[in-house]
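Numbered by my numbering, the letters in the sequence shown go through residues 20 to 215 in order.
Every residue, glycine too, gets a C-beta built ideally from N, C-alpha and C.
Predicted model only: the values in this text are computed from it and were never measured.
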Amino acid sequence: MKKLFCVASFLLIGFYTFAQESTTLETTSTQTKTVKNNSEGNNEIKLNVAYLLGGIPEIGYAYLINDESSVGLDVLFAIDDELDIKFALTPYYRVYFGNKKATGFFVEGFGMLNVVNNEYYYDPFYYDYNNDINYPNSSYDPKNETDFALGVSVGGKFMTNSGFVFEVYGGAGRNLFSNNSDDFVPRFGLTFGKRF
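In structure tokens form, the structure reads like this:
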């Protein structure tokens, strides 16, 4: 867990230092300078701390289409074999209702390709007709199942002047294909990231 936290910290620091670009335009007559603020970028990289603390790191990228909407992709993967969820790939589309560019309250529609470990316990009985006795014949069958869910989330995004973003959101989706996997999948987050 410490190794994962260190790697995630270095990634965020690396993206932060890479995103420190500024554009300066000079005109000879007025000597005015225009500096591009980091909070005006159209790209965001994020880490979901809520899932990270549970042993399931989720890293996300978002592209801001305009001031009111964005598209993004989150990738979640389990590092602990004991967890039921193994992998999730979640594309989403968000509509923002805030005063600043792509901030404030938002509504999100998402799709989630998810792989979960469904454990099946079979407990059929073997009946011995000669002795009139039932013998249990238990077996365990771990099985990974892949499914696709559609769902909605609501939340809020907050941003500092230096371009750091913080999100809180929650929602749910419904798996569409497999009968054996869980019908509903949760989607929640407490994310920190950087806009560049």
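- Contact annotation, A107 with G91: C-beta distance approximately 14 angstroms; criterion of less than 8 angstroms not satisfied.
- Between the alpha carbons of F196 and N149 lies a distance of about 44 angstroms.
- It is roughly 14 angstroms from the alpha-carbon of L169 to the alpha-carbon of V134.
- Taking each of S172, N194, R214, N180 in turn and checking the Cα distance to G208, the smallest one comes out for S172.
- At the C-beta level, T210 and N67 come within 7 angstroms of one another.
- In the DSSP assignment, L102 falls outside any alpha helix (DSSP H) and carries neither an H nor an E.
- Nearest C-alpha to V184 among G190, K119, P205: K119.
- By alpha-carbon distance to Y70, the top candidate from G212, F124, R206 is R206.
- With a threshold of 16 other beta carbon atoms within 10 Å, A191 falls short and is exposed.
- In this structure, the CA atom of S181 is about 14 angstroms from the CA atom of N62.
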